[in-house]
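Asks: Shown below is the structure under consideration.
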Amino acid sequence: MIRLSWLLLLALSLLACRASPEASRDAPISQPPRRGTEISICGRLFDIGTQVVLWHDEGGYSAYHAAPFFGTTGKGGLRYRPGRADPAALPYREREPGPMTLELVQARVDQFVLHFDVCGTSRECFRILQDARNLSVHFLLDADGTIYQTLDLADTAWHARQANPRSVGVEIAQIGCYRVGKSAILDEWYPRDEQGPYLRLPERLAKYPFRDPTYVARPERPERIRGAIHGAEYEQHDYTARQNEALAKLVGGVARALPRIRLDYPRGADGAVLDGVLSDAEFRGFSGVLGHWHVTEQKVDPGPALDFERLIQRAQAAR
Numbered sequence: 005m006i007r008l009s010w011l012l013l014l015a016l017s018l019l020a021c022r023a024s025p026e027a028s029r030d031a032p033i034s035q036p037p038r039r040g041t042e043i044s045i046c047g048r049l050f051d052i053g054t055q056v057v058l059w060h061d062e063g064g065y066s067a068y069h070a071a072p073f074f075g076t077t078g079k080g081g082l083r084y085r086p087g088r089a090d091p092a093a094l095p096y097r098e099r100e101p102g103p104m105t106l107e108l109v110q111a112r113v114d115q116f117v118l119h120f121d122v123c124g125t126s127r128e129c130f131r132i133l134q135d136a137r138n139l140s141v142h143f144l145l146d147a148d149g150t151i152y153q154t155l156d157l158a159d160t161a162w163h164a165r166q167a168n169p170r171s172v173g174v175e176i177a178q179i180g181c182y183r184v185g186k187s188a189i190l191d192e193w194y195p196r197d198e199q200g201p202y203l204r205l206p207e208r209l210a211k212y213p214f215r216d217p218t219y220v221a222r223p224e225r226p227e228r229i230r231g232a233i234h235g236a237e238y239e240q241h242d243y244t245a246r247q248n249e250a251l252a253k254l255v256g257g258v259a260r261a262l263p264r265i266r267l268d269y270p271r272g273a274d275g276a277v278l279d280g281v282l283s284d285a286e287f288r289g290f291s292g293v294l295g296h297w298h299v300t301e302q303k304v305d306p307g308p309a310l311d312f313e314r315l316i317q318r319a320q321a322a323r
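Going by our numbering, the sequence shown opens with residue 5, and the numbers climb by one from there.
Following this line, the structure appears as structure tokens:
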């Protein structure tokens, strides 16, 4: 029954996202066989060159469920907003978007917001979003590099407040960053062996292995990384090499499909990544890749370990 529901949702997505007559001329009559490396935008598949599990795949996570995903307790209702609101018709909460086309998504989406999940695994992140908080995000990036897509990019995820109508979001599985001197949790999650630090999940999470069950998750750079965000100093372990590689391919692939997302990030006067929040005017004028901390001063993700310059360079190569 659940499998049929997923298939029905996909069919409805394809109908709602029917292409315009102009686009249909060069659109394939049928989708090619999947390789397992494609993302979905308006029901169309775009190959990004790294493993992707869609919401209707076995083992996938669907934010289309209007109920808790893992249990029976929790609120019902939508965890996302169907479609993409027209920026010219804001406030978007008061207006329902019409049927979406790929061209409309390309016209209305121009930001990619990066988060860390403070959960440690994508499964736990989805449980918190779906079952506990009634929120959503388009992509989850697990420690082993597996990407889970929970919503078609034609739909609006609830992940970054004012950025939601115009953005794509990804939650990167990691316990996060902490003020220098208040980071004991990093010692708990990252013990060391002869090869350096490695991720040790709590027992409640370790019983659900990664999609690659043999993978030992280690920070790509062994040392803790420090940096200032909103005027305070934070430290964090690096993301895994698989996460960094998959994120670059995801960002590059999404930007290729949605070309209004520029492969650039908010910069300070020195040209380095901006370590604070964008002003309202700056936010309205920015198109590209940004951290959650650029959207609100209440957030610090994806933390100082996210090397924006390297990410953009690698995304450009993958685009």
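All residues carry an ideal CB built from backbone N, CA and C; glycine is no exception.
Based on the DSSP output, what are the partners of Ser171 in its beta bridges?
Replies: For Ser171, which the question treats as bridged, DSSP gives the partners Gln115.
Asks: Consult DSSP for Ala147 and reduce its assignment to one of helix, strand or coil.
Replies: Coil, per DSSP.
Asks: Just checking my contact of Lys253 with Gly53 at CB under 8 Å: how many whole Å lie between their CB atoms?
Replies: Confirmed, Cβ separation roughly 5 Å.
Asks: Using only the alpha-carbon positions, how far apart do Gln320 and Arg170 sit?
Replies: Using only the alpha carbons, I get a separation of about 21 Å.
Asks: Could you tell me the boundaries of the alpha helix (DSSP H) in which Gly289 lies?
Replies: Looking at the DSSP string, the run of the alpha helix (DSSP H) that includes Gly289 is Asp284 to Gly289.
Asks: With 16 other CB atoms within 10 Å as the buried threshold, where does Asp242 fall?
Replies: By the neighbour-count rule (16 or more Cβ atoms within 10 Å), Asp242 is buried.
Asks: For Gln240, report the span of its beta strand (DSSP E) as first-last.
Replies: Gln240 -> beta strand (DSSP E) spans Ala236 to Gln240.
Asks: If you draw a straight line from the alpha carbon of Leu330 to that of Tyr68, how long is it in whole angstroms?
Replies: In the structure displayed, the chain extends from 5 to 323; residue 330 sits before or after that span and is not available.
Asks: Name the DSSP bridge partner or partners of Asp135?
Replies: None; Asp135 has no bridge partner.
Asks: How should Leu209 be labelled, buried or exposed, when 16 other C-beta atoms within 10 angstroms of its C-beta is the threshold for buried?
Replies: Answer is exposed; the Cβ neighbour count stays below 16.
Asks: Alpha carbon to alpha carbon, how far is Leu190 from Glu227?
Replies: Using only the alpha carbons, I get a separation of about 12 Å.
Asks: Can you tell me whether Val184 is buried or exposed, with buried defined as 16 or more other CB within 10 angstroms of its CB?
Replies: Val184 should be labelled exposed.
Asks: Would you call the segment 114-122 in contact with the segment 291-304, where contact means no fewer than 3 C-beta pairs closer than 8 Å?
Replies: Output reads yes: the segment 291-304 touches the segment 114-122.
Asks: If Leu155 and Glu175 are in contact, beta carbons under 8 Å, what's the gap, nearest whole angstrom?
Replies: At roughly 12 Å, the Cβ-Cβ gap does not stay under 8 Å, so Leu155 and Glu175 are not in contact.
Asks: Helix, strand or coil for Leu205 per DSSP?
Replies: It is coil, neither helix nor strand.
Asks: Counting only the same chain and skipping the five closest in sequence on each side, list residues whose C-beta sits under 6 Å from that of Pro86.
Replies: Excluding sequence neighbours, Pro86 sits near Asp159.
Asks: In terms of residue numbering, what span does the beta strand (DSSP E) encompassing Asp156 cover?
Replies: Here Asp156 belongs to no beta strand (DSSP E), and DSSP marks it neither H nor E.
Asks: Should Leu251 and Leu203 be called a contact, given that it needs their Cβ atoms to be closer than 9 Å?
Replies: No, the pair does not count as a contact, with Cβ atoms beyond the cut-off.
Asks: Please confirm if the segment 253-268 is in contact with the segment 281-292, defined as three or more CB-CB distances below 8 Å between the two stretches.
Replies: Flag = yes, the segment 253-268 and the segment 281-292 touch.
Asks: Grab me the residues of Ile233's own chain with a C-beta within less than 6 Å of its C-beta, minus the 5 sequence neighbours each way, in chain order.
Replies: Closer than 6 Å at the Cβ level, and outside the excluded window around Ile233, lie Asp279, Trp297 and Val304.
Asks: Is DSSP giving Ala232 helix, strand or coil here?
Replies: Strand at Ala232.
Asks: Does the Cβ of Ser66 have 16 or more other Cβ atoms within 10 Å, making it buried, or fewer, making it exposed?
Replies: Buried: at least 16 other Cβ atoms inside 10 Å.
Asks: Does the Cβ of Asp148 have 16 or more other Cβ atoms within 10 Å, making it buried, or fewer, making it exposed?
Replies: Flag for Asp148 reads buried.
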